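In order, the protein sequence lines correspond to chains A and B. So for the first sequence, UniProt numbering puts the first residue at 1; every next one is plus one. So for the second sequence, UniProt numbering puts the first residue at 1; every next one is plus one. Each residue gets a CB set at the ideal place from its N, CA and C atoms; glycine is no exception. It should be emphasised that the depicted structure is a prediction, and the values quoted were computed from it without experimental measurement. Working notes for the structure below.
2 protein chains.
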Amino acid sequence: MKLYNYFRSSASFRVRIALHIKGLPYEYLPVHLLRGEHRDPAYANLVGDALVPALVTDEGAVLPQSMAIMEYLEELQPTPALLPTTPLARARVRALAQMVACEIHPLNNPRVLKYLTGTLHADEDAKNAWYHHWVRQGLEAFERQLVLLAAERQAQGLAPSVYCWGDTPTLADCCLVPQIFNGKRFGVNLDGLPLTMAAFDACMALPAFAQAQPSACPDNAP
Amino acid sequence: MKLYNYFRSSASFRVRIALHIKGLPYEYLPVHLLRGEHRDPAYANLVGDALVPALVTDEGAVLPQSMAIMEYLEELQPTPALLPTTPLARARVRALAQMVACEIHPLNNPRVLKYLTGTLHADEDAKNAWYHHWVRQGLEAFERQLVLLAAERQAQGLAPSVYCWGDTPTLADCCLVPQIFNGKRFGVNLDGLPLTMAAFDACMALPAFAQAQPSACPDNAP
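Here it is in structure tokens:
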């Protein structure tokens, strides 16, 4: 397989984690977002959204959208699993993943920040306040959900989660970790999020997460 | 089952469509977003994100996040299917769904528009320009992806799609249709999107979509 991606893209980082957890080798095809390489026809003609990441399957199909790619990898190679086994637990994990992918990350894409400063003439402070607002609000919601899930697990007689859900990393962790990296880079306050940050720390102790991080990517230029 | 939802919420509309396609009866529990009822502790304490929709399962579990809910419904009752059978085709459908759920809809939530006008002091014209920009850009990307998929199907000897993918509605249609409703309400230009609008029209000819639309909801106050 091949992965079109960019070292700093959160959505790319998600898929790299999933590939590393599953031990699937892939060719790293860098697409430099800040240089606009995703808009070059050579790339943009491959995927309708001209965004990264995109996975090229062994059959040559080009798959966009990180969440769809990770579900594909899960179906292609079910172990190590990124989703639990029961429909309810799978819904728990997918909801956490979507809380990052649908509620936090879309508001902080480079193209959105560019619209704020370029078209709406927001200054740097207003742009940063926007960024901090949505990341912080989203992570507080994420933490509240983890608290609810901890109570649910306790009521069911399940052990407390080590990661976002359970004792192995899931799609939720694949989404959370890049969002925390992104938040740290922009100096977002991460205090008062004990369950969230415990899951993050547990993930970062695993080689798969460390190997997928931006600083380990070949296009991480100094 | 019960569904906490709001007639005009796109994410709620997605889940209503899925429930109607599968013929699953549900109790409609209205949460009036504009009156802030989602922030009442009675609701906000049930789900970490205090957003709609949330599905209450027959066992009493409260599931947030529309995409996770629809995947849950698909696992709970696999037919009529909202996803195709092969991993590649499933990835195709999920990517289309995510193009709406992760790239278009999050930028046009009421809370985002409120931040634009309240905190960033954008005027009505600037707010509407923002809305139109992201919906139009997102739908153009969606259309390009449908064009790529049409070519892929032709190369595989498959019939042209009637809906977003194939001859039955999928998760992609559950996401597309509410986004088109929303776009129409805000007067977004929908010209030049022939495959997208053909899928929309095909969906709206089906009772499940018509029954789930905002005007058919009990909380659709005049």
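Worksheet item: A/CYS102 versus chain B: which residues are under 8 Å apart at the beta carbon?
Response: GLN65, MET67, ALA101, CYS102, HIS105 and PRO106
Discussion item. Cutting at 6 Å between CB atoms, please list the residues of its own chain near B/HIS132, excluding the five before and the five after it.
Written reply: VAL188
Worksheet entry | alpha helix (DSSP H) segments (min. 4 residues) lying fully within the UniProt domain "GST C-terminal" (86-222) of chain B | 87-98, 110-118, 124-155, 171-185, 194-204 and 207-212
Discussion item. Restricting to Cα atoms, I'd like to know which of A/ARG8, A/TYR115 and A/THR85 is closest to A/HIS32.
Written reply: A/ARG8
Worksheet item: Thinking C-alpha only, which one of B/GLY23, B/VAL112, B/ILE69 and B/LEU19 is nearest A/ALA97?
Response: B/ILE69
Discussion item. Would you say A/LEU82 lies against chain B (beta-carbon separation less than 9 Å)?
Written reply: no
Fill in: Start-to-end residues for the beta strand (DSSP E) that takes in A/LYS2
2-5
Worksheet item: For A/ALA208, which residues from the same chain have a beta carbon less than 7 Å from its beta carbon, with the 5 sequence-adjacent residues on both sides left out?
Response: ILE17, HIS20 and ILE21
Worksheet item: Are there 16 or more other CB atoms within 10 angstroms of the CB of residue 223 of chain B, so buried, or fewer, so exposed?
Response: The question about residue 223 of chain B has no answer, for chain B in this structure spans 1 to 222.
Worksheet item: When DSSP builds the beta bridges, which residues end up paired with A/LEU51?
Response: In DSSP, A/LEU51 forms no bridge with anything.
Worksheet item: Nearest-angstrom Cα distance between B/GLN154 and A/ARG39?
Response: 26 Å
Worksheet item: So the alpha helix (DSSP H) B/LEU76 belongs to, where does it begin and stop?
Response: 66-76
Discussion item. Is it buried or exposed, A/ALA221, if we count other Cβ atoms within 10 angstroms and call 16 or more buried?
Written reply: exposed
Discussion item. Which residue marks the beginning of the beta strand (DSSP E) containing A/PRO30, and which one marks its end?
Written reply: 27-30
Worksheet item: B/ARG90 CB to nearest chain A CB: under 9 Å?
Response: yes
Discussion item. Less than 9 Å between the C-beta atoms of B/CYS102 and A/GLN65, yes or no?
Written reply: yes
Discussion item. When you compare the CB of A/LEU113 with every CB in chain B, is at least one pair closer than 9 Å?
Written reply: no
Fill in: Of the residues B/ALA54, B/PHE186 and B/LEU83, the one placed nearest B/PHE168, counting alpha carbons only
Phe is not the amino acid found at residue 168 of chain B; the sequence shown has Thr there. Among B/ALA54, B/PHE186 and B/LEU83, the Cα nearest to that of B/THR168 belongs to B/LEU83.
Fill in: For A/PRO160 and A/ALA150, believed in contact at Cβ under 8 Å, the rounded distance
6 Å
Item to complete: Name the two residues that bound the continuous alpha helix (DSSP H) containing A/LEU19.
Response: 10-21
Discussion item. Suppose you measure from the CA of A/TYR6 to the CA of A/TYR26; what does that come to, to the nearest Å?
Written reply: 14 Å
Practice prompt. Using a Cβ cut-off of 8 Å, pull out every chain A residue sitting near B/PRO41, in sequence order please.
Written response: Near B/PRO41 there are no residues of chain A at all, since even the closest Cβ is about 12 Å away, more than 8 Å.
Worksheet item: Can you tell me where the alpha helix (DSSP H) with B/ALA81 in it begins and where it stops?
Response: Run containing B/ALA81: none; DSSP gives neither H nor E here.
Worksheet item: Taking just the CA atoms, how far does A/LEU29 sit from A/ALA205?
Response: 26 Å
Worksheet item: Between A/ARG14 and the rest of its own chain, which residues show a CB-CB distance below 6 Å, the 5 nearest in sequence each way excluded?
Response: SER66, CYS174, CYS175 and PRO178
Discussion item. Does A/THR196 pass the burial test, meaning 16 or more other C-beta atoms within 10 Å, or should it be called exposed?
Written reply: buried
Practice prompt. Using the DSSP secondary-structure output, state which residues sit across from A/GLY63 in a beta bridge.
Written response: According to the sequence displayed, residue 63 of chain A carries Leu and not Gly. For A/LEU63, which the question treats as bridged, DSSP gives the partners A/LEU55.
Practice prompt. Can you grab the Cα-Cα spacing for the pair residue 225 of chain B / A/ILE104, in whole Å?
Written response: Because chain B is modelled from 1 through 222, residue 225 of chain B falls outside the range shown and cannot be assessed.
Discussion item. Does chain A have any CB closer than 9 Å to the CB of B/GLY48?
Written reply: yes
Discussion item. Let me confirm a value: A/THR170 is counted as buried when at least 16 other C-beta atoms fall within 10 Å, else exposed. Which label applies?
Written reply: buried
Worksheet item: Would A/GLY183 be called buried (16 or more neighbouring beta carbons within 10 Å of its own) or exposed?
Response: buried
Discussion item. So for A/ARG39, helix, strand or coil by DSSP?
Written reply: helix
Worksheet item: Of the choices A/ALA129, A/GLN211, A/GLU140 and A/GLY23, whose alpha-carbon is the least far from that of A/THR79?
Response: A/GLY23
Discussion item. Measuring straight from C-alpha to C-alpha, what distance separates B/TYR4 and A/ASP219?
Written reply: 45 Å
Worksheet item: Candidates A/ARG90, A/ARG111, A/GLU75 and A/ALA81: which alpha carbon is nearest A/VAL52's?
Response: A/ARG111
Worksheet item: If you draw a straight line from the alpha carbon of A/ARG35 to that of A/SER215, how long is it in whole angstroms?
Response: 19 Å
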